[in-house]
Each structure stands twice: as structure tokens, then as C-alpha cells.
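See below for the structure under consideration.
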Amino acid sequence: MAIDQLPIKLEPSAQLTKPNLTFRPMTLSDLPSVMVIERQSFSTPWSENTFRRSMSRKRTYSHCLVAVCEEIVIAYAHFVLISGDVHITNFAVAKTHRRLRVGQHLLKELLLQAKEMKGELCFLEVRVSNIAAYNLYRKFGFQIHSIRKKYYTDNGEDAYLLWIPDLSALKLS
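Put into C-alpha cells, the structure is as follows:
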């Protein structure tokens with residue numbers, strides 16, 4: 000079932016708890032739902048081909064995760080791990096499931112996996128106008144490292160470069 004065919008609509012005050020969610024590597028069969036979420040979330044979305052390449056077995060440094068609720072993909076994340084550096088390159092939650100802590104659970108899972116894979120530091124870029132995402136990342140200990148001027152090509156918006164300089168010190172309970 001695709002994300003745009005959800006059988007129920009959750010109330011904004013509802014919260015999904017971790018037992019309601021499962022996390023697993025993204026598969027090719029997840030791409031239709033992932034592409035819906037991608038287009039809902041970004042003014043310059045990744046192409047399906049970009050996701051396909053990211054999932055290639057040849058790219059052992061590339062990791063795609065999905066969050067699943069009742070067999071429906073409701074969020075996803077992509078990160079690369081190169082020489083101990085974890086770069087979160089894509090992270091999105093379906094509009095129907097925002098403000099339900101899905102992003103919080105997915106980010107925690109991503110960071111746990113990054114630590115298990117011996118990631119040493121973690122970084123990402125976020126639009127300066129994306130207050131919700133910025134607050135989520137701060138909750139997990141991300142700090143502003145610098146500002147990337149005119150980072151986004153669609154409108155020239157700046158990005159915060161956020162980072163966690165020492166993943167081994169990060170406490171995830």
C-alpha cells in the first residue's frame with residue numbers, strides 16, 4: 000500500500016511509539032512510497048535513479064533506511080559513512096505522519112547504526128528556515144559548525160552545517 004492510500008489518518012496529537020514502528024534497509028519495492036514522501040518534502044527532490052544508485056551493492060558506504068508503520072513506509076533517511084565521517088544526506092517524514100515523533104525515532108535509529116558501524120562524527124546540512132528539522136537535530140546534540148552560504152540551488156538559501164563531533168560520546172537511551 001502506498002503512503003497516499005493510508006487507511007487511517009492520525010490525529011496531530013497522536014504519537015507513534017517505537018513499538019508501532021520498524022526500521023529496515025530500503026528496498027526497491029519501497030521506492031514508490033519514498034518518492035511520494037520525497038516530492039512532498041523537498042523543492043528539489045532526488046530522482047528515483049538517485050535512490051537506486053544509493054542502494055547499489057557496489058556502494059558499501061551508502062545506507063538507506065525506512066521507517067515502517069503497519070506495513071507502510073512513512074519516513075526514510077540516507078547517510079554515507081566514509082573514513083569515520085557520517086554524512087546524513089536525506090531525511091524525510093510523510094506529511095501525514097509529521098509531529099508524531101517518527102523523525103525522532105528514525106534519527107535515533109540512524110545514529111545507533113552509525114555508532115555500530117564505527118562512525119566517529121556526524122554532520123548534515125539543513126535550511127536555515129527549517130526550524131522543525133533544526134530543533135529535532137539540536138535535540139540529539141547536533142551543534143552549528145558553520146553556515147554554508149547560498150547552499151540551496153532552488154532559492155539560494157543558506158544552510159546550517161550541523162555536526163556531532165564525537166559520536167562515541169553520544170548517549171542514546
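Residues 0 to 172 (numbering that gives the first Met the number 0) make up the sequence shown, in order.
The beta carbon of each residue, even a glycine, is placed where N, CA and C say it ideally should be.
From a predicted model like this one, the values you see are computed outputs, not experimental measurements.
Local conformation of Ala93 per DSSP, three classes:
coil
Closest to Asn154 by C-alpha separation, out of Val92, Ser42, Ser28, would be which residue?
Ser42
Excluding five sequence neighbours on each side, which residues of the same chain lie with their C-beta closer than 7 Å to the C-beta of Trp45?
Glu37, Asn89
Local Cβ density within 10 Å of Leu27, reported as buried at 16 or more and exposed below that
exposed
Does the ligand FAD have a heavy atom nearer than 7 Å to the CB of Asn154?
Because no ligand of any kind appears in the structure shown, any question about the ligand FAD cannot be addressed here.
Can you grab the Cα-Cα spacing for the pair Arg23 / Leu161, in whole Å?
25 Å
So, does the CB of Val85 fall closer than 8 Å to a CB anywhere in chain B?
Looking for chain B here will not work: only one protein chain is present.
Below 8 Å between beta carbons: does that hold for Ile81 and Leu109?
no
In its own chain, which residues sit with a C-beta less than 7 Å from the C-beta of Ala113, not counting the 5 before and 5 after it?
Phe78, Leu80, Val85, Cys121, Leu166
Quick one: what's got a C-beta closer than 6 Å to Ser40's C-beta in the same chain, skipping five residues either side?
Ala91
Top-ranked residue by Cα proximity to Lys148, from Asp29, Pro164, Val125:
Val125
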